[in-house]
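Visitor:
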């Protein structure tokens, strides 16, 4: 690793010596830098950058110029060494590589990283690298360049933090955050400034430090601001509770306005203008952010057809918010933060699941790498002899003052705040807040930006700032973790919310609002309620897609929780097929389940609009049955061959489905179909008298496969390639992200019987579809069932559960079925498109073919049959996942609850099913997954936007 | 906001109320003013329609229930002491007071706060939140956002989560447990478990 690093350093050194800070010094390229020796035009780099080009821009603007220069060397060469052409991007890429590799190395040792924060290690690495450069060049060639920092590195971090910050938490604590950020920072700045000046007068600080009161105030202003990068880096690993974190971190974001104004205006000493400027900078910055948030929300409303560039809009507009604020010298951090907070809700709702994932990962990646680079460069910057204008008095005074005043400020403000806060901040919180006042790269970049001519002591200030930053990040960062442990600061826990919490939290909000209204108080809840009304009535209408607007957060939460439970159960059980004793993830067991957070996240990121419905059964099948089941399961899995023919399709605007994905989808569709079938057949039993003769069509093709791997949690849109759907391709694509939507239409059922669409859970080798089958017996002994079960008939009029966007197709297929007794066609992919729709995607009214016909089918049918038998283990598992006893529904669902053996026999008489159902304390399979269809669905009435 | 300033003398049983609810005299005065303001007909008692006249409350999806909770069963009117006693549920718990033994009696104790919330769900006051009752609340809160089937699944799920004794309803203990869990983990304050925070508002001086 050392060698590439060195190489990188030298080449980079050569670059910057020509283009960046050192170009005025006329430093010639060090002869020791290997790449330069090979460089065709050794002098070129220095000429590349026009004098006025900011060094940060050199990263961007240079290639073209470099190209011009690079090509004017005459003569024809077979191999050209085009270093100048590629050097800037090359060096940047190498830096990123080094930073990333460094991260990997740090995380090799688990134990080490738990003790030493990453930021410390990065700074140390930076020191080492800086030392190497210094030794090689006798001169430090790098430092954290302010322009680079403010234009590129900082926005990535702030953007990430702002976008993913919990808006509720932020606004709940807004008062405290503002107080600490404004009053606290001002307090620190003035106290530090005056105290340092006093120290200077008392000659504690050496006379060489030529600074007057204004200089010290300026220095105080930039050194007093808590730094968002450092706070994030350190607190991320400490995991204090959310309230504490948001207060410290919010402060570090919001105090930017104070710092900007402070640094820019202290010298003018016009305090009135200073105050006015502060308001303009902060409020202006906020407004810019809000405006961009609105624009962003509005734009993402219309990206339906171009999903692929959705993430780009997010990045661009958030970044533009930053740049625009920067353009007007407003507080860019505030602007970006508010843009992120404001847009998050609407954007997240508007964009597709995949875009959400993309945004999340890209932001995190960028922020992470930016943070890494910042800390490395901080380390490197420190190794610079020219900067070390050291004055022990100044350094030690500054360290003491910022620490003391921070503590005093926090305690004083907290004392005041606690008189108003519902949740007082106790002593421990105050200690952590004082101690967590970390200074970082912002202060460093600001101090580097100081004008050396006006501030004579700039070098001293730079050195002091470096020491302060190192001290806070390294020493405090290292010790804050033990401190937090020792003080027993309440940590954050990653417990996931339950649906009850979601409900009650909303209810409590309403209650408190109402009580405030009754008591005639215009308190916090009152205003929040006002805001929510406004949001609901105007903002959401403006910024949200119509399809999204109607969705309920509570419902989303419900689905997430369901999926999470499914995952956790699978986690718990490992191979669930073998563990019949799967227990319900009760609340207690949930808490004891560390991995499940990850899985939940994973699933969530993978996107699932599909609701898992989990059931628990009390009866445990015998070991023998289990064994058999497993065998069959494995068999079926291995026998599975997707039969769909794939259409090659290229589009720049849509991701094509991977092979695997299609396969999963197909499997899922089959699974779904089978479920519909069973569902319908259930209904059939209830109404069999009327219906039994109506429809008995060749259904041999429809022995379903239920072998679904869990990737199917990807929402399913059914059959992109079907004829009916073809013209709606883009819509289908869109639906993909929205999740499958089903509507249960009931004609004769007395009660809504929503049915959930559990995506398969489990991992790829343990298919886990859990179709509710009419009879548990079918699931328990599927191989028997598939052979001997008489064909249940399904009436068209009975309940159908149809993906909404497929309704049209559904109707068509029904009509075709009714007109023609369609022969079985499912075995070969002769008409893949048609088959995709008719066989897989769309449940049709079907009746089973008699066993004989199944047997007579082709081998693929045979495999299908085997596969269909597989439904059983998953079903069982699913049943175990969730206990549901609903007495009132029990009666209705009794057909579903038939005893395990029912499939092996003719459908039990209506009377027998109920009794057996009761015996088994059955669970209910059919849950609703009735989400509102997203735009583009074929069902106009369900899309009616007017919902108020 | 009242037409005339309240004075302590106007308030019946003022001292007793202060003792009972731990409101300060200033609070009490303020509440009395509010009471008189709401009491448009100067009857000395509030009726549900008086509450209904509060515009913000009319927008509140569960406003009706909250109004209902102010009236004890069978009563159509609400006098000032009852008004204050009910609002006292929402006083933040005083950390110093909570340790002394009288805490149980205070209206703003955690249990009492929860009880109040529980009653909002439990309309028939049988000590249990049945599925139907939960559904009603959900329906009110979510209005048109979700279809009936979704509501049912949510209610179903909520009951499952909370229901420990498998009676298909949420008893008060279960309710307390679930909400307790919630606040323990959400507010991350294991020591100062605080329902109080979620169920308190600041009464201005």
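Residue numbers (this note's numbering), protein chains in the order written: chain W, 1 to 948; chain C, 949 to 1153. Beta carbons: idealized from backbone N, C-alpha and C, even for Gly.
1) Classify residue 1076 of chain C as helix, strand or coil using the three-state DSSP reduction.
2) Classify residue 848 of chain W as helix, strand or coil using the three-state DSSP reduction.
3) Determine the chain W residues that contact residue 985 of chain C at a beta-carbon separation under 9 Å, and present them in chain order.
4) Identify each residue in the stretch 1108-1124 of chain C for which the Cβ-Cβ distance to at least one residue of chain W is less than 7 Å, and report them in chain order.
5) Could you tell me the distance, in whole angstroms, from the CA atom of residue 467 of chain W to the CA atom of residue 390 of chain W?
6) I need the straight-line Cα distance from residue 429 of chain W to residue 301 of chain W, nearest angstrom please.
7) Measure how close the beta-carbons of residue 230 of chain W and residue 119 of chain W come, nearest whole angstrom, since I'm counting them as under 8 Å.
8) Would you verify that the beta carbon of residue 538 of chain W is, or is not, closer than 8 Å to some beta carbon of chain C?
9) Should residue 1101 of chain C be flagged as near chain W, meaning a C-beta pair shorter than 8 Å?
10) Along chain W, in chain order, which residues have C-beta atoms closer than 8 Å to that of residue 1009 of chain C?
11) Taking 8 Å as the CB-CB cut-off, is residue 1201 of chain C touching chain W?
12) If you reduce the DSSP assignment to three classes, tell me which class residue 1024 of chain C lands in.
13) For the candidate residues W:232, W:238, W:227 and W:237, whose alpha-carbon lies nearest to that of residue 257 of chain W?
14) Just how far apart, CA to CA, sit residue 242 of chain W and residue 250 of chain W?
15) Mapping the DSSP letters down to three states, classify residue 1112 of chain C as helix, strand or coil.
16) Looking only at its own chain, which residues have a Cβ that is under 7 Å from the Cβ of residue 457 of chain W, when we skip the five neighbours before and after it?
17) Using the three-state DSSP reduction, which class does residue 82 of chain W fall into: helix, strand or coil?
18) Helix or strand or just coil, what does DSSP make of residue 141 of chain W?
19) For residue 1015 of chain C, which residues does DSSP report across the bridge?
20) Answer with buried or exposed for residue 1003 of chain C, where buried requires no fewer than 16 other C-beta atoms within 10 angstroms of its C-beta.
21) Measuring only between beta-carbons, confirm whether residue 966 of chain C sits less than 8 Å from chain W.
22) If you compare alpha carbons, which of W:179, W:177 and W:217 is closest to residue 455 of chain W?
23) Please confirm if the stretch 188-205 of chain W is in contact with the stretch 156-164 of chain W, defined as three or more CB-CB distances below 8 Å between the two stretches.
24) If we call anything under 8 Å between Cβ atoms a contact, is residue 539 of chain W one with residue 298 of chain W?
25) Kindly list, in the order they appear in chain W, the residues whose Cβ is closer than 9 Å to that of residue 1019 of chain C.
26) Identify the continuous beta strand (DSSP E) that holds residue 1117 of chain C and give its terminal residues.
27) Measuring straight from C-alpha to C-alpha, what distance separates residue 1086 of chain C and residue 115 of chain W?
28) Would DSSP call residue 323 of chain W helix, strand or coil?
29) Quick check on the DSSP output: the alpha helix (DSSP H) that includes residue 984 of chain C runs from which residue to which?
30) Tell me, please, whether the CB atom of residue 211 of chain W is closer than 8 Å to any CB atom in chain C?
31) Does the Cβ of residue 963 of chain C have 16 or more other Cβ atoms within 10 Å, making it buried, or fewer, making it exposed?
32) For residue 971 of chain C, return the contacting residues in chain D, with the cut-off set at a CB-CB distance below 8 Å.
33) Taking DSSP as the reference, what is the three-state secondary structure of residue 544 of chain W?
34) Nearest chain W C-beta to residue 1033 of chain C closer than 8 Å, yes or no?
35) Work out the CA separation of residue 440 of chain W and residue 234 of chain W for me, nearest whole Å.
36) Cβ of residue 286 of chain W within 8 Å of Cβ of residue 334 of chain W?
Guide: Short version:
1) Taking the second chain and counting its residues from 1, the one referred to as residue 1076 of chain C is at position 128. Residue 1076 of chain C: strand per DSSP, three-state reduction.
2) One-based indexing of the first chain puts residue 848 of chain W at position 848. Because the pLDDT at residue 848 of chain W is just 42, under 50, the model does not fix this residue reliably, and the value given afterwards should be weighed accordingly. Three-state DSSP puts residue 848 of chain W in coil, outside helix and strand.
3) Indexing the second chain from 1 puts residue 985 of chain C at position 37. Neighbours of residue 985 of chain C on chain W, chain order: 520.
4) Listed in sequence order: 1108, 1109, 1110, 1114 and 1116.
5) Position 467 of the first chain holds residue 467 of chain W. Position 390 of the first chain holds residue 390 of chain W. Residue 467 of chain W and residue 390 of chain W have their C-alpha atoms spaced approximately 10 Å apart.
6) Residue 429 of chain W sits at position 429 when you count from the first residue of the first chain. Residue 301 of chain W sits at position 301 when you count from the first residue of the first chain. About 42 Å.
7) Taking the first residue of the first chain as position 1, residue 230 of chain W is located at position 230. Taking the first residue of the first chain as position 1, residue 119 of chain W is located at position 119. Sure, about 7 Å apart at Cβ, within 8 Å.
8) Taking the first residue of the first chain as position 1, residue 538 of chain W is located at position 538. No, residue 538 of chain W does not count as interfacial toward chain C.
9) To locate residue 1101 of chain C, count along the second chain from 1; it is residue 153. Interface residue, yes.
10) To locate residue 1009 of chain C, count along the second chain from 1; it is residue 61. Correct list: 510.
11) With chain C represented from 949 up to 1153, any question about residue 1201 of chain C goes unanswered, as that position is not in the structure.
12) Taking the first residue of the second chain as position 1, residue 1024 of chain C is located at position 76. Three-state DSSP puts residue 1024 of chain C in coil, outside helix and strand.
13) The residue you call residue 257 of chain W lines up with position 257 of the first chain. Closest in alpha carbon position to residue 257 of chain W, among W:232, W:238, W:227 and W:237, is W:227.
14) Taking the first chain and counting its residues from 1, one reaches residue 242 of chain W at position 242. Taking the first chain and counting its residues from 1, one reaches residue 250 of chain W at position 250. Roughly 11 Å between the two C-alpha positions.
15) Position 164 of the second chain, counting from 1, holds the residue named residue 1112 of chain C. In the structure shown, residue 1112 of chain C adopts coil according to DSSP, grouped into three states.
16) Here residue 457 of chain W refers to the residue found at position 457 when the first chain is read from its first residue. Excluding sequence positions up to five before and after residue 457 of chain W, its CB lies within less than 7 Å of the CB of 209, 210, 211 and 215, all in the same chain and listed in chain order.
17) Numbered from its first residue, the first chain carries residue 82 of chain W at position 82. Of the three classes helix, strand and coil, the one that applies to residue 82 of chain W here is coil, per DSSP.
18) Reading the first chain from its first residue, position 141 is the one you call residue 141 of chain W. The answer is coil: DSSP assigns residue 141 of chain W none of H, G, I, E or B.
19) Numbered from its first residue, the second chain carries residue 1015 of chain C at position 67. Bridge partners of residue 1015 of chain C: none, in fact.
20) Here residue 1003 of chain C is taken as the residue at index 55 of the second chain, counted from 1. Exposed, by the Cβ-count rule.
21) Residue mapping note: residue 966 of chain C aligns to position 18 of the second chain, counting from 1. Cβ-Cβ to chain W under 8 Å: no for residue 966 of chain C.
22) Numbered from its first residue, the first chain carries residue 455 of chain W at position 455. It is W:217 whose Cα lies nearest to the Cα of residue 455 of chain W.
23) The count of Cβ pairs closer than 8 Å, one atom from the stretch 188-205 of chain W and one from the stretch 156-164 of chain W, stays below three, leaving the stretches out of contact.
24) Within the first chain, residue 539 of chain W is the residue found at index 539, counting from 1. Within the first chain, residue 298 of chain W is the residue found at index 298, counting from 1. No, they are not a contact pair.
25) Working through the second chain from its first residue, we reach residue 1019 of chain C at position 71. Near residue 1019 of chain C there are no residues of chain W at all, since even the closest Cβ is about 12 Å away, more than 9 Å.
26) Residue mapping note: residue 1117 of chain C aligns to position 169 of the second chain, counting from 1. Element bounds for residue 1117 of chain C: 1117-1119.
27) Walking along the second chain from the start, residue 1086 of chain C turns up at place 138. Walking along the first chain from the start, residue 115 of chain W turns up at place 115. Approximately 47 Å, taken between the alpha carbons.
28) Looking up residue 323 of chain W in the first chain gives position 323. Residue 323 of chain W falls in the helix class under three-state DSSP.
29) Within the second chain, the letter at position 36 stands for residue 984 of chain C. First-last of the alpha helix (DSSP H) with residue 984 of chain C: 973-986.
30) Here residue 211 of chain W refers to the residue found at position 211 when the first chain is read from its first residue. No - not a single Cβ of chain C is within 8 Å of the one on residue 211 of chain W.
31) The residue labelled residue 963 of chain C in the question sits at position 15 within the second chain. Exposed is the label assigned to residue 963 of chain C, since fewer than 16 other Cβ atoms lie within 10 Å of its Cβ.
32) Absent from the structure is chain D; the protein chains it does hold are W and C.
33) Counting from one through the first chain, the residue named residue 544 of chain W turns up at place 544. Coil.
34) Counting from one through the second chain, the residue named residue 1033 of chain C turns up at place 85. Not flagged as an interface residue toward chain W: residue 1033 of chain C, since no C-beta distance is shorter than 8 Å.
35) Numbered from its first residue, the first chain carries residue 234 of chain W at position 234. Numbered from its first residue, the first chain carries residue 440 of chain W at position 440. C-alpha separation (whole angstroms): 11 Å.
36) Residue mapping note: residue 286 of chain W aligns to position 286 of the first chain, counting from 1. Residue mapping note: residue 334 of chain W aligns to position 334 of the first chain, counting from 1. A contact, by the Cβ cut-off of 8 Å.
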